[in-house]
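Student: Be aware that the sequence shown starts at 92, since it is given in the working numbering, and climbs by one per residue.
Glycine residues also receive a C-beta, built at the ideal position from the N, C-alpha and C atoms.
Note that this is a predicted model, so its numbers are computed, not measured.
Here it is: the structure, laid out below.
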Amino acid sequence: MAQFDNLTVLDHPLIQHKITLLRDKSTNTKDFRSLVGEIAALMAYEATQDLSLIDSPVETPLESTTGKTLAGKKLVLVPILRAGLGMVNAIAELIPNSTVGHVGLFRDHETLKPVDYYFRIPAEAADRTFFVLDPMLATGGSMVHAASRLKEAGAGKIVSLCLVSAPEGVAAMRDSHPDVHIFTAALDRELNGNGYILPGLGDAGDRIFGTA
Ligand code: PRP
Ligand code: URA
92 MAQFDNLTVL DHPLIQHKIT LLRDKSTNTK DFRSLVGEIA ALMAYEATQD
142 LSLIDSPVET PLESTTGKTL AGKKLVLVPI LRAGLGMVNA IAELIPNSTV
192 GHVGLFRDHE TLKPVDYYFR IPAEAADRTF FVLDPMLATG GSMVHAASRL
242 KEAGAGKIVS LCLVSAPEGV AAMRDSHPDV HIFTAALDRE LNGNGYILPG
292 LGDAGDRIFG TA
């Protein structure tokens, strides 16, 4: 999207197909949860394209050779609770030696501001890349707060993965954290008066956990 330097919209056909199924109000909890994981894994594949590699010696059954492995300390997957939890397992299967941090936030229904209730990330944060996971980037308040907490804790590089984003949230991130790149599967039209993304997919947490 030309208007947002901090955003990459992942328009791979498989991602777009699955996002449409996710939006469908008739998609049940089981399928919704599966789709969130499938899309998250496809997004992670795209978002990790520029990870650094180092040469690594390896013995094949036939001879010695030099392969490549990921450089540096283990990546950190950071779901924003609770809906971000729906994205973690599928990405962790793709990156088995990743670690997992947690940021606990919920949006106050009146003010739409994030309320912070939990924060835990691995040590040696300065040397690590953090992938912050949240299906929804609406006003951006939650992602802005999560990135601020990670920076206060000394995080090295931060990247955001959001399934559906509103222009308002992308702009809020650009203004507060221009160094944090966002990968999204869909840039939607706008927010409604209650801070829900339009056309969106409804309340991601409720649809993942069946609490609607
Ligand atoms: C949702 C969503 C994001 C946040 C996005 O979480 O998962 O964390 O809202 O909105 P924002 O960009 O306006 O901050 P919610 O607060 O509903 O909590 P939950 O995941 O526990 O349901
Ligand atoms: N959180 C959600 O789960 N959905 C929205 O549309 C906005 C915030």
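1. Which stretch, first to last residue, makes up the beta strand (DSSP E) that contains G158?
2. Which full runs of the alpha helix (DSSP H) of 4+ residues lie inside the segment 97–146, going along the chain?
3. Fully enclosed by the segment 196–282, which beta strand (DSSP E) runs are 3 residues long or longer?
4. Can we count K175 as close to the ligand URA, meaning its CB is less than 7 Å from some heavy atom?
5. Do I182 and V223 come within 8 Å of each other at the CB atom, strictly closer than that value?
6. Could you tell me the alpha carbon to alpha carbon distance between A303 and D297, rounded to whole angstroms?
7. Kindly give me the distance between the Cβ atoms of T275 and C253, rounded to whole angstroms, as I take these residues to be in contact under 8 Å.
8. Measure the C-alpha to C-alpha separation of Y209 and D225 and round it to an integer number of angstroms.
9. Do I299 and the ligand URA come close, with the Cβ less than 7 Å from some heavy atom?
10. Can you determine whether any heavy atom of the ligand PRP sits closer than 7 Å to the C-beta of M178, and answer yes or no?
11. Determine the direct distance from the alpha carbon of L98 to that of M227, and round the result to whole angstroms.
12. Here's the rule I'm using: 16 or more other beta-carbon atoms within 10 Å means buried, otherwise exposed. How should A246 be labelled?
13. Is the distance from the Cβ of A263 to the Cβ of V235 below 8 Å?
14. With a threshold of 7 Å (Cβ to nearest heavy atom), would I171 be considered close to the ligand URA?
15. Does DSSP put I182 in a helix, in a strand, or in coil?
16. Grab the span of the beta strand (DSSP E) containing P170 for me, first residue to last.
17. Since I299 and A174 should fall inside the 8 Å C-beta cutoff, what is the C-beta to C-beta distance between them, to a whole number of angstroms?
18. Quick check: L289 and R280, are their CB atoms within less than 8 Å of each other?
19. Does the beta carbon of A229 fall short of 7 Å from some heavy atom of the ligand PRP?
20. If you draw a straight line from the alpha carbon of R198 to that of K204, how long is it in whole angstroms?
Tutor: Walking through what the data contain:
1. 155–161
2. 104–114, 120–138
3. 205–211, 220–224, 248–256, 272–278
4. At residue 175 the sequence reads Gly, which differs from the Lys that was named. The answer is no for G175.
5. no
6. 5 Å
7. 5 Å
8. 15 Å
9. no
10. no
11. 14 Å
12. buried
13. Closer than 8 Å, so yes.
14. no
15. Looking at I182 - three-state DSSP - the assignment turns out to be helix.
16. 167–172
17. Approximately 6 Å separates the beta-carbon atoms of I299 and A174; this is inside 8 Å, confirming the contact.
18. yes
19. Closer than 7 Å to some heavy atom of the ligand PRP: that describes the Cβ of A229.
20. 5 Å
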